[in-house]
Structure formats: C-alpha cells, structure tokens
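Residue 80 in our numbering is what sits at position 13 of the sequence shown, and the numbering runs on without skipping anything. The beta-carbon is built from N, C-alpha and C at its ideal position, and this holds for glycine as well. Accompanying notes for the structure given below.
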Amino acid sequence: MNTRILFAIIICLCITNRTLSQCQEKNGVPFEMKKIAGKRPIFKASVNGFPANLMFHSNASFYLQLNHAFASQVGIDSLVSNGSFGISKPGKVSELGRDSANVSLLQVGINQLKNVPASIFEVPDGEINAGMAGVDWIKTNRIVIDYKKKKFFLNPKIETLECLKAKLSKEKYISIPIKFDSVRQRYLVKIEIGGLTRNFTLSTVAFTTIDSVFAVDLSLKIKNTGNSYGGPTGSVGFVYENTIPLIFSLVNHRYKINKLTIEDMYAYIKETRTKEKSENIGGILGADFLVEHKAIIDFGNETLYLKE
Numbered sequence: 068m069n070t071r072i073l074f075a076i077i078i079c080l081c082i083t084n085r086t087l088s089q090c091q092e093k094n095g096v097p098f099e100m101k102k103i104a105g106k107r108p109i110f111k112a113s114v115n116g117f118p119a120n121l122m123f124h125s126n127a128s129f130y131l132q133l134n135h136a137f138a139s140q141v142g143i144d145s146l147v148s149n150g151s152f153g154i155s156k157p158g159k160v161s162e163l164g165r166d167s168a169n170v171s172l173l174q175v176g177i178n179q180l181k182n183v184p185a186s187i188f189e190v191p192d193g194e195i196n197a198g199m200a201g202v203d204w205i206k207t208n209r210i211v212i213d214y215k216k217k218k219f220f221l222n223p224k225i226e227t228l229e230c231l232k233a234k235l236s237k238e239k240y241i242s243i244p245i246k247f248d249s250v251r252q253r254y255l256v257k258i259e260i261g262g263l264t265r266n267f268t269l270s271t272v273a274f275t276t277i278d279s280v281f282a283v284d285l286s287l288k289i290k291n292t293g294n295s296y297g298g299p300t301g302s303v304g305f306v307y308e309n310t311i312p313l314i315f316s317l318v319n320h321r322y323k324i325n326k327l328t329i330e331d332m333y334a335y336i337k338e339t340r341t342k343e344k345s346e347n348i349g350g351i352l353g354a355d356f357l358v359e360h361k362a363i364i365d366f367g368n369e370t371l372y373l374k375e
C-alpha cells in the first residue's frame with residue numbers, strides 16, 4: 068500500500084477516535100442529585116463572586132432565583148417589586164414578596180454569564196446561598212443535561228451534538244421530541260396512558276406526577292399519602308399516589324411506572340384549566356423517571372433521549 072495512503076488512513080482513524088472520545092466537552096459542569104422533596108440536580112456556581120448552590124429547575128419560569136438575604140449579600144440592589152409571591156413555609160406567603168433585578172456576573176463552570184435577570188423571592192429551604200437556575204437560563208444557553216454522567220453543558224458545539232447523537236444511537240437510546248411552550252414557559256412531552264394522550268411538563272426535578280383531574284379521566288385507583296403540597300403562591304393540598312402500576316407510552320415505547328404522585332397541579336400554581344380537556348397539562352415527567360432511565364436532554368434541539 069502507498070505510504071501516503073496508509074498515513075492518511077491512520078490520521079483519519081485517530082481523528083475519528085478523538086472525536087468520539089470528546090462527545091462530552093471539557094467545559095461540562097458537574098452536579099449531584101439531592102433529595103429535597105424528590106430528586107433534584109444541584110450544582111456549584113458563583114453570583115457576583117460569591118459561591119452558591121443552584122438547583123437546575125426546568126419547571127420554573129425565570130432565569131435565576133435568589134432569596135432576599137443572599138441577593139443583599141452579593142450586592143444586588145435596585146430591586147423592582149413584582150407583587151406577592153414566594154413562601155416562608157408551606158401555606159405561608161412571604162411578606163418579602165417577589166422582586167426583579169440584574170446580576171452582574173453569574174459564573175457556571177468556565178462560563179461567565181453577564182448582566183443576567185434574577186427573580187428574588189423566598190423558598191422554605193433554609194439555605195441562604197441557595198437558588199435556582201430556571202427555564203429561561205436553560206433555553207437561552209441551549210443546555211444539554213446528562214443524568215447518567217451527572218454533567219451538563221452550556222451552548223455545546225455542533226460537532227459535540229452530532230457525536231453525542233451517534234453515540235446514543237449505538238448505546239440503544241431512543242429520541243423523543245419535546246417542545247417549548249412559550250405561553251406556559253415549559254418544555255412539554257406527549258405521553259399516552261390508557262388510551263388518552265396529554266402533554267406532560269418535562270421537569271428536571273422532583274417526582275413524576277399526574278394531575279388530579281387527568282387521574283379521574285383515567286379512572287385511577289389512588290390513596291392518600293398523608294402528605295400535602297405547598298405552592299409558591301400559598302396554596303396547599305393533599306398528595307395522593309397510585310395503587311397499581313401504570314404504563315407510559317412515549318413515541319410507541321412503553322415504560323412501567325410503579326409509583327407516582329397525584330395532586331391538583333393547577334391549584335398548586337393557582338391557574339385555571341381550559342374547557343377542552345386534551346389541552347390541559349396531564350402531569351409532570353420528573354427527575355425520578357429521568358434518573359432511572361439514564362436520560363439525556365438536549366434542550367436546544369428539543370430532544371429527550373431515554374435508554375430503551
């Protein structure tokens with residue numbers, strides 16, 4: 068064989084192997100799963116140079132959330148009041164309300180995000196230097212989160228995404244389309260249960276949940292857990308669970324769900340359902356499911372990858 072041709076083949080093989088090994092870029096940000104009313108991804112960041120523990124929260128309509136004490140500590144001022152919101156404990160609306168402001172510098176891994184919007188309100192977690200990175204942050208930075216390797220990536224390169232798709236196909240992952248709903252400010256995924264199809268909120272946190280009205284439509288047998296929920300506007304209500312396993316169908320792939328929660332999701336956020344049942348949100352596909360099925364979510368390209 069011609070020496071030049073052989074050398075070219077070797078170079079190509081080296082490049083291919085290097086590319087496959089670099090599917091996950093060096094700027095990946097690690098997170099850990101913590102049990103806080105279900106499983107939640109928590110990562111380290113800094114806000115105006117101060118260390119912070121942030122929750123990766125796709126089911127939250129803001130870019131960044133901080134509590135008032137931490138906002139003051141990191142030098143955030145010029146707050147603009149947005150009315151009553153946030154709770155000091157379940158059922159107790161915080162007197163501090165909700166404010167908006169800008170953060171000069173949010174650093175996540177090697178990524179420096181400058182002059183970003185922040186929503187300032189209280190949550191009953193007890194940590195001062197804690198907050199949440201919400202759906203606006205996720206969408207703006209086209210984030211990819213990998214529950215198997217516990218890393219996420221901001222604005223990954225096209226080459227990385229193409230490599231990732233090839234790798235996931237080889238590892239028997241299936242791709243499921245998701246869609247960003249600009250009205251609800253949520254990523255949605257269609258799920259069929261018992262012959263009925265509804266949009267479910269794709270949530271990076273907490274439990275998989277079925278809305279109480281959809282549970283009635285499905286004639287689910289449920290039992291009271293003895294627990295209650297506390298919504299961000301002061302709402303409270305009972306939490307139930309299923310008594311027999313359910314089958315979720317996502318793009319003709321079936322997943323057995325042994326245990327999930329049932330609650331009035333609309334009362335939780337004080338919203339009104341539409342008259343057309345099929346247009347209402349049926350539930351939440353939560354972190355418990357995503358962890359179990361080693362999910363990877365490419366929010367930028369609106370694709371959920373699940374292990375078969």
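Beta-carbon proximity of residue i to residue j, cut-off 8 Å
i	j	result
Tyr130	Ala185	yes
Thr275	Ile351	yes
Gly164	Gly153	yes
Leu221	Ile277	no
Val211	Phe366	yes
Lys106	Asn120	no
Asn126	Arg209	no
Gly150	Gly301	no
Lys239	Glu99	no
Ile245	Glu369	yes
Phe219	Gly297	no
Phe281	Ser295	no
Gly198	Phe247	no
Pro191	Lys156	yes
Ser113	Gln174	yes
Three-state secondary structure assigned by DSSP to residue i
i	result
Ser88	Residue placement at Ser88 is flagged as unreliable, the pLDDT there being 42, under the threshold of 50; a coordinate-derived value is accordingly withheld.
Tyr310	Correcting the residue type first, residue 310 is Thr in the shown sequence and not Tyr. Here Thr310 sits in coil by DSSP.
Val202	helix
Thr207	helix
Val303	strand
Ala104	coil
Thr83	Reliability of the predicted coordinates at Thr83 is poor, the pLDDT of 40 falling under 50, and the value obtained from them is presented with this limitation in mind. The answer is helix: DSSP assigns Thr83 an H, G or I state.
Ser128	coil
Ser161	coil
Asp355	helix
Ser145	coil
Phe110	strand
Thr70	Residue placement at Thr70 cannot be trusted, given a pLDDT of 49 that sits under 50; the coordinates are not used to answer.
Lys344	helix
Phe152	coil
Ser286	coil
Thr370	strand
Ile76	Annotation note: pLDDT 41 at Ile76 (below 50); position unreliable, coordinate value reported separately. Correct three-state label for Ile76: helix.
Val170	strand
Ser279	helix
Residue i burial status per 10 Å Cβ neighbour count (16 or more: buried)
i	result
Thr271	buried
Phe123	buried
Glu226	exposed
Leu263	exposed
Ser88	Low local confidence applies: a pLDDT of 42 at Ser88 is under 50, so the model's placement there is unreliable, and no value is given.
Gln132	buried
Asn347	buried
Pro411	With the chain covering 68 to 375 only, the question about residue 411 has no answer from this structure.
Thr364	Residue 364 is actually Ile in this sequence, not Thr. With 16 or more other Cβ atoms within 10 Å, it is buried.
Thr268	buried
Gly407	This structure gives no information on residue 407, because the portion of the chain shown stretches from 68 to 375.
Ala104	exposed
Val283	exposed
Asn325	exposed
Ile182	Rather than Ile, the amino acid found at residue 182 in this sequence is Asn. Answer is exposed; the Cβ neighbour count stays below 16.
Asn309	buried
Leu201	For the sequence presented, residue 201 should be read as Gly rather than Leu. It is buried - the Cβ of Gly201 has at least 16 other Cβ atoms within 10 Å.
8 Å contact criterion, which residue i and residue j should meet: CB distance rounded
i	j	result
Lys323	Ile314	6 Å
Glu194	His135	So it is not a contact: roughly 13 Å between Cβ atoms.
Ile243	Leu317	5 Å
Asn178	Pro118	Not quite, the Cβ-Cβ distance comes to about 16 Å (not below 8 Å), so this is no contact.
Arg265	Gly349	3 Å
Ile289	Tyr307	4 Å
Ile438	Val170	Limits of the chain in this structure are 68 at one end and 375 at the other, which puts residue 438 out of reach.
Ala273	Ala354	6 Å
Ser279	Asp331	5 Å
Ile241	Leu146	At roughly 45 Å, the Cβ-Cβ gap does not stay under 8 Å, so Ile241 and Leu146 are not in contact.
N-terminal and C-terminal residue of the alpha helix (DSSP H) that residue i is part of
i	result
Lys232	225-237
Ala334	332-336
Unbroken beta strand (DSSP E) run spanning residue i, endpoints
i	result
Phe117	117-123
His135	Counting along the chain, His135 falls outside any beta strand (DSSP E), though it belongs to the alpha helix (DSSP H) covering 135-140.
Thr185	Inspection of the sequence shows that residue 185 is occupied by Ala rather than by Thr. Element bounds for Ala185: 178-187.
Distance cut-off 7 Å: residue i Cβ against heavy atoms of the ligand SAH
i	result
Pro118	This structure does not include the ligand SAH; it has no bound ligands of any sort.
Cutoff 8 Å: residue i Cβ touching any chain D Cβ
i	result
Asn115	The chain labelled as chain D is not found in the depicted structure, where only one protein chain is given.
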